[in-house]
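K.L.:
Numbering (full-length UniProt numbering), first residue to last: 1 to 205.
C-beta atoms are modelled at their ideal positions from N, C-alpha and C, and glycine is treated no differently.
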C-alpha cells in the first residue's frame, strides 16, 4: 500500500458529502481544494492564483446550483390582515409543511388585494419582524438598557404556546434568508460595484 506524504503542520484533509477531497489550513482558518504538499499541485504552479480562482468559482456555482435545486415550483400564498398580522402569519405558516415554505412567496393583504411583485412581501417581512418583538407575546427582551441586542425572555414560558411560537419564528427567519436577504445582498453588492468573485470576502450571516 502506497502511503501519501504527510500534510504540512496545521493542515487537515477532509471530504465533502459528495466525496470531493479538500484541505483545511488551521493556521489561517481557510479551506482549499488545492493540495498543499509539494508536487501535489493540480494543474498550476505553486503560488499561481489560477487554482484558487477556479476552486472558488466552482464552489460558487455549485452553491448556486444547490440553491436552485432546493427551490420548488409554483408559489405559496399567505393571506393576512394588518390588524391580526402576527396571528394570521403564525397559523398559516405553522400549518404548512416545511418544504412548501421553499416555494416562491405570495403575500395577500386582505382588503388590499393586488399583484405582489415583491413589494408586499418585503412589507410583510418588515411588519412581522417588528411584531415578533411585541411585549405582549413575552418572547424576547433587550439584553440591556443601552444594548439593542435581543435575547430570549426568561419569562416566555408564561405563554403556554411559547415553544410553538419560537418554532414559528425559526421558520420565519429561514424564509427571510431564502427570499428577502439573498436578493438584498445581491442588490447591495451590485450597487457597490462588487462582482461575484468579491462575494468570497463577504461574511456569511
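Thinking residue 100 and residue 80 are a contact (beta carbons under 8 Å), I'd like their distance in whole angstroms, please.
P.N.:
Along the chain shown, one-based indexing puts residue 100 at 100. Along the chain shown, one-based indexing puts residue 80 at 80. A Cβ-Cβ distance of about 17 Å is found for the pair residue 100 and residue 80, leaving them out of contact under the 8 Å criterion.
K.L.:
Suppose you measure from the CA of residue 95 to the CA of residue 35; what does that come to, to the nearest Å?
P.N.:
Here the question's residue 95 lines up with position 95 in the chain shown. Here the question's residue 35 lines up with position 35 in the chain shown. Their Cα atoms are separated by approximately 48 Å.
K.L.:
How about residue 27 and residue 10: are their beta carbons less than 7 Å apart?
P.N.:
The sequence position of residue 27 within the chain shown is 27, counting from 1. The sequence position of residue 10 within the chain shown is 10, counting from 1. Less than 7 Å divides the Cβ of residue 27 from the Cβ of residue 10.
K.L.:
Express the C-alpha separation of residue 16 and residue 88 in angstroms, rounding to a whole number.
P.N.:
Position 88 of the chain shown, counted from the first residue, corresponds to residue 88. Position 16 of the chain shown, counted from the first residue, corresponds to residue 16. Looking at the two C-alpha atoms, the distance is approximately 41 Å.
K.L.:
So residue 169 is in the alpha helix (DSSP H); what residue range does that whole segment cover?
P.N.:
What you label residue 169 is simply residue 169 of the chain shown in a count that begins at 1. Looking at the DSSP string, the run of the alpha helix (DSSP H) that includes residue 169 is 162-175.
K.L.:
Who are the near neighbours of residue 107 in its chain, counting only those whose CB is closer than 6 Å to its CB and skipping five residues on each side?
P.N.:
Position 107 of the chain shown, counted from the start, is the residue given in the question as residue 107. For residue 107, same chain residues with a beta-carbon under 6 Å away, outside a window of 5 residues either side, are 78, 116, 120, 121 and 124 in chain order.
K.L.:
How is the beta strand (DSSP E) around residue 206 delimited, first residue to last?
P.N.:
The chain is shown from 1 up to 205; residue 206 falls before or after that span and cannot be answered.
K.L.:
Would you report the Cα separation of residue 61 and residue 112, rounded to the nearest angstrom?
P.N.:
Stepping through the chain shown from its first residue, residue 61 is reached at position 61. Stepping through the chain shown from its first residue, residue 112 is reached at position 112. Distance between the alpha carbons of residue 61 and residue 112: 39 Å.
K.L.:
Go ahead and label residue 31 buried or exposed: buried means 16 or more other beta carbons lie within 10 angstroms of its beta carbon, across all protein chains shown.
P.N.:
For the purposes of this step, residue 31 is taken as the residue at position 31 of the chain shown. The C-beta of residue 31 has fewer than 16 other C-beta atoms within 10 Å across all chains shown, which makes the residue exposed.
K.L.:
By DSSP, does residue 83 sit in helix, in strand, or in coil?
P.N.:
Taking the first residue of the chain shown as 1, we reach residue 83 at position 83. In the structure shown, residue 83 sits in coil (DSSP, three-state: anything other than H, G, I, E or B).
K.L.:
What residue from 23, 150 and 84 has the CA that sits closest to residue 7's CA?
P.N.:
Position 7 of the chain shown, counted from the first residue, corresponds to residue 7. When only C-alpha atoms are compared, the closest one is 23.
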